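K.L.:
Residue numbers (full-length UniProt numbering): 1 to 93. The following block contains the structure, expressed as structure tokens.
Structure (structure tokens):
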């Protein structure tokens, strides 16, 4: 729901292209990101460095990752991801 809308807005702002085609492949990619974060949150407490690298490996800027982890703690990766999207959205708007 809300995460997908934020991703679409961020992509539209970054590319400044009104002809973005959000087809099924793109939606599956977004769903895979959510699945990946759920796996990380159910593991036995990944260290801060591993968690930071996890999100940086997804292509997110380190400053947003660090801010989101500081705000949300390390245990709820879904909330961390939502915060990163929000920071990116507000930075680009």
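Glycine is no exception: its CB is placed at the ideal position from the N, C-alpha and C atoms. Only a predicted model underlies this, so the values are computations on that prediction, with no experimental measurement involved.
1) Tell whether a beta-carbon distance below 7 Å holds between residue 64 and residue 87.
2) Ignore the nearest five residues each way along the sequence and tell me which others in residue 71's own chain have a CB closer than 7 Å to its CB.
3) Tell me the DSSP secondary structure of residue 66 in three-state form.
4) Quick check: what's the CA-CA separation for residue 27 versus residue 74?
5) Can you tell which of 90, 91 and 69 has the C-alpha that lies nearest to the C-alpha of residue 48?
6) Give me the Cα-Cα distance between residue 66 and residue 57, rounded to the nearest whole angstrom.
P.N.:
Concretely, from the data shown:
1) yes
2) 83
3) helix
4) With a pLDDT of 48 at residue 27, under the threshold of 50, the modelled position of that residue is not reliable, and no figure is offered here.
5) 69
6) 13 Å
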